[in-house]
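If you want our numbering, it's the position in the sequence shown, counting the first as 1, plus 72. Every residue gets a Cβ at the ideal spot worked out from N, C-alpha and C, and that includes glycine. Shown next, in structure tokens, is the structure this report addresses.
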Amino acid sequence: MSAETGPALDRGRDEHVRRVRLPADRRTPAAARALVRSVLAESDLDELLNEALLLTTELSTNAVEHARTELDIEVVADPVGLTVTVSDFVTGPVDELVVGIRSDTENIDEVSERGRGLLLVDHFASRWGTTYLPTGKGVWFRLDRPGGTVPDGPIAMEHVPTNGGDGTVAASSAPSAAAMSELTQTSPDPNADDPLPDFAADLLTRVAEMVGAAGGVIRLDRGDGQGTQPLARYGRQPRPGNELLQVPLAVHRPYAGELELDAAPSAYARPLAVLAAERLSLHLENDRLRRADVRRQAWLTFLAEASELLAQSLDVELTMALIPQLVVPRLGQWCAVHTTDEWGRLRLAASSHADESTLPQLHKVLQEVGPDSVQARLREASRSAAQVPLGPPMEGFAVPLIARGQRLGTLAVGRHLRHRHDPDEIAVLEDVARRAALAIENARIHAERRRVAQTLQQSLLPPVLPVVEGIGFAAEYVPTGDDAEVGGDFYDVLPLPDGRWLVVIGDVSGKGVQAAAVTGLVRDVIRVLVGDGKPLPEVLARLNETLVERGSGRYCTLALAAVRPGRYGQLDVSLHLAGHDRPVLLRGTGGAAFVGTGGTALGLIDTITSPTAEIPLAAGDSLVFYTDGVTERRRGRELFGVDRLRDAAAPLAGYSADVVAARLRATAINFSVEAPRDDIAILVLRNDAL
């Protein structure tokens, strides 16, 4: 069909014609309105302003949303009226493009089925129709000045509104253009915290007044467990027996709602109600998406906080007790954690309920057995490694706890009384279950490492120190702050073949299993060599050869002291130092000083030096040995140091070996609030002669 089949007008010099091409953009309707407004002002047709702007908005918006191509806007004004044509560039068969065509007997509701924009055009335009070109399609409307004369000319595929015998529109109660414009342009207040209630009330009031409704209500269910709530009301409650006009809101789950009007049937009541419902639905969808985004952000924050809390605990029982506290009440009415024992049976490890008074009842239900019991469903979840629903009386679902391919148990969660879990909550709970399982597995691994480390460390230290008449021995040992790590510090007291007692304290470099292996080697070599009666300098030399040949890269510092009872209650001590810190001699009469001469650490070079120092201990005197975990104890950048150790030992003159060791340990520990970075070993030898 050619362009000549469109609205033919005698375009004289009194005409005002404007044409513009606009992009398929959300700003296009505003630009089209501005063009029409300027032509109306130039043509002195201000009385057509409301209708012209309203219909231009509808046609241009419809073209932008559906055609999605550039638009040509043509505005032609003459002394008696205005013609606006909106053309797109969508090509296709004519039978696929026909819109806005009906006979004079066609019901207005049938037009409304094709779109609310054409409903408005049908109502307000003097004439309207379509124009088809090879390049696309145009929809046009004509507005005539009241009392004006319609120009002569052929009108193709036009629609003339149903009218009375005199040519005027028969429905005198039909909505005005101003009212329609206000209805379609009503928007929420962008500055309000929750603009939807006021917007819904305004929209409901406008549409109710336009159709003459006695009352109306907009109901909304946000799917948050509160049920359907009135969002806005208008007028009085509907009288019993009245036929109500109900229009569902076009929103996505979990939102649902409807607009209800107590209005008499009319040609425009339902289309206008649908138009109002669509406008409200658009903003409700925005609200749903905004709330969903806020909720997802909240869930992400929750998961991050849950991960941090779970990661902070490496205690198995504490970790399992923490899991239900994270779930209840935010994600469920109750929660139970079951773990699988070595025989594959589920054992209740921890539980929580929003109402603590019902915990005994919960435990009773969880312990029941039978094919339909909660226990059976939990076993199914653990066996199938899949989510399993829980039936009455404790409705909810169970999620398996799986970490690194190992099935650790189940996480059972009861639904809230007000609503069931939505997909987002289920996804979050499954994520919590994964993180909880990993936290439990990490805590179990750490517990096993701690047990192994403690067992290995205990094997490197004597279970008890010997009781020798006239000689007092006491020791204090504090492992590093990481109790799952084995240190290299050790001490020992053992008898020599010649009747003397040998006091040993040493420190192997590094930590961990390799350091523990070297520590065990050093301890065993010393025991073997001194048991064979080897002199202490030879013991140190052979031990150095062993460590050098081993080539582990680890070295060892040692202090050996052979103790023999002397004359007049004195103890004769032969001291050998191999790179170890000098011990503190604490006189029973007062005073403290370092004694001995430092030698070469073992395992570094082939030949070592280890000078011998002979130290007599009178009655009440003590010799305090220690490792560098004491002197290198840190408080910020400050070290405890050897001078502070000597000063701390001086006031302990005359005290028993047990008291001296315990006081020095407490002083070193209290020097800093931090956990020890290195093992602390203190060994005290005292002359207990009377």
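Burial state of residue i, where buried means 16 or more other Cβ atoms lie within 10 Å
i: D181; result: The predicted position of D181 is uncertain, since its pLDDT is 43 and thus under 50; a value taken from the coordinates is nonetheless stated next. Under this definition D181 is an exposed residue.
i: L489; result: exposed
i: G662; result: exposed
i: K209; result: buried
i: T207; result: exposed
i: T669; result: exposed
i: P95; result: exposed
i: G416; result: exposed
i: D167; result: Interpretation of D167 is limited by its pLDDT of 39, a score under 50 that renders its predicted location unreliable; the figure taken from the coordinates is listed afterwards. Burial call: exposed.
i: S115; result: buried
i: R737; result: buried
i: Q433; result: exposed
i: S454; result: buried
i: H435; result: exposed
i: D427; result: exposed
i: V585; result: exposed
i: P260; result: buried
i: L316; result: exposed
i: E686; result: exposed
i: N742; result: exposed
i: S531; result: exposed
CB of residue i within 7 Å of CB of residue j, strictly
i: T141; j: D160; result: yes
i: A691; j: A589; result: no
i: A665; j: L676; result: no
i: R311; j: V289; result: no
i: T411; j: A421; result: yes
i: D503; j: L403; result: no
i: L438; j: A408; result: yes
Simplified DSSP state of residue i, which is helix, strand or coil
i: Q530; result: helix
i: P495; result: helix
i: A515; result: helix
i: H88; result: strand
i: N263; result: coil
i: L680; result: According to the sequence displayed, residue 680 carries Ile and not Leu. Three-state DSSP puts I680 in coil, outside helix and strand.
i: H355; result: helix
i: N759; result: strand
i: V745; result: coil
i: Y627; result: coil
i: H435; result: helix
i: A753; result: strand
i: G559; result: coil
i: D144; result: strand
i: L276; result: helix
i: V600; result: helix
i: E332; result: strand
i: H195; result: helix
i: S429; result: helix
i: T699; result: coil
i: E704; result: coil
i: Q55; result: This structure cannot speak to residue 55, because the chain is shown only from 73 to 762.
i: G641; result: helix
When the options are compared against residue i, the one with the closest alpha-carbon
i: S248; options: S338, V136, H138 and L126; result: L126
i: T552; options: R360, T703, I752 and V645; result: I752
i: Y204; options: V158, G592 and E548; result: V158
i: H138; options: G660, A102, D97 and Q586; result: D97
i: H493; options: L131, A470 and Q478; result: A470
i: A547; options: S728, S646 and R614; result: S728
i: E424; options: A508, S531, L462 and G486; result: The question names Glu, but residue 424 is Ser in the sequence shown. Minimum Cα distance to S424 is reached at G486.
i: Y627; options: W212, V580, A335 and G603; result: V580
i: A285; options: L344, T256 and P320; result: L344
i: A103; options: L192, Q478 and T129; result: T129
i: S429; options: D413, D444, Q405 and G671; result: Q405
i: T277; options: R294, G295, E254 and P320; result: E254
i: G463; options: D293, A722, D444 and V346; result: D444
The segment 295-312 in contact with the segment 249-265 per 3-pair CB rule at 8 Å: No: fewer than three Cβ pairs fall under 8 Å.
Cβ contact (3+ pairs, closer than 8 Å) linking the segment 677-690 and the segment 646-653: With the cut-off at 8 Å, the segment 677-690 and the segment 646-653 touch.
contact_flag[the segment 395-414, the segment 520-529] where n(CB pairs < 8 Å) is 3 or more: Contact annotation: the segment 395-414 does not touch the segment 520-529, with fewer than three C-beta pairs closer than 8 Å.
Inter-stretch contact (C-beta, 8 Å, three-pair minimum) for the segment 323-331 and the segment 340-360: Result yes; three or more Cβ-Cβ pairs closer than 8 Å.
Contact the segment 609-617 vs the segment 590-601: 3+ CB pairs below 8 Å: The segment 609-617 is in contact with the segment 590-601.
Stretch-stretch touch, CB-based, cutoff 8 Å, three pairs: the segment 560-572 with the segment 702-710: Verdict: no, contact absent.
Stretch-stretch touch, CB-based, cutoff 8 Å, three pairs: the segment 434-452 with the segment 508-516: Judged by pairs of C-beta atoms under 8 Å, the segment 434-452 does not touch the segment 508-516, as fewer than three such pairs exist.
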